[in-house]
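Numbering (our numbering), first residue to last: 301 to 442.
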């Protein structure tokens with residue numbers, strides 16, 4: 301039951317349920333008001349999924365929902381043609397014996413691709429880590 305890394309995003313929905321995370325108005329306001337970075341096109345917005353497609357390069361975690369920060373990272377990589385930013389409900393502790401379903405935290409992730417991200421490939425809705433349900437909201441693709 302060791303602590304999971306936290307990259308500085310401090311908001312956590314009051315209701316810890318996965319379904320509440322998906323409907324959280326604070327998270328929604330952030331991803332729906334996100335600006336499109338310069339030289340990018342908004343491919344999709346507000347998905348309850350992240351992209352899973354060929355051309356995956358790497359991901360990074362951020363301290364805020366900031367598409368411009370993702371764009372700067374993508375621009376610095378010659379192979380990067382697009383990215384997907386999203387909120388992920390993750391456990392505060394590594395699920396293990398004695399803490400199979402720990403309290404949640406919110407991570408902000410950017411995944412980078414050597415191909416243009418496609419709405420049709422926003423299919424990763426999360427997974428289970430022992431008794432903890434990882435879910436995704438705010439999937440925006442650029």
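For every residue, glycine included, the Cβ atom is placed at its ideal position computed from N, Cα and C.
Under 9 Å between C-beta atoms of residue i and residue j
i, j, result
"residue 440", "residue 386", "yes"
"residue 390", "residue 404", "yes"
"residue 363", "residue 307", "yes"
"residue 358", "residue 401", "no"
"residue 319", "residue 423", "no"
"residue 388", "residue 407", "yes"
"residue 341", "residue 442", "yes"
"residue 302", "residue 396", "yes"
"residue 331", "residue 365", "yes"
"residue 394", "residue 304", "yes"
"residue 343", "residue 419", "yes"
Identified DSSP bridge partners for residue i
i, result
"residue 408", "362 and 387"
"residue 428", "433"
"residue 440", "385"
"residue 350", "424"
"residue 396", "399"
"residue 413", "356 and 382"
"residue 303", "393"
"residue 321", "Its beta-bridge partners do not exist; DSSP assigns none."
Assumed close pair residue i, residue j - CB separation to whole angstroms, cut-off 8 Å
i, j, result
"residue 335", "residue 411", "Actually they do not touch by this definition, with Cβ atoms about 19 Å apart."
"residue 427", "residue 417", "Actually they are not in contact, since the Cβ atoms of residue 427 and residue 417 sit about 20 Å apart, beyond 8 Å."
"residue 437", "residue 348", "6 Å"
"residue 371", "residue 337", "3 Å"
Worksheet item: Are three or more beta carbon pairs between the region 369-383 and the region 413-422 nearer than 8 Å?
Response: Proximity of the region 369-383 to the region 413-422 meets the contact definition, three or more beta-carbon pairs being nearer than 8 Å.
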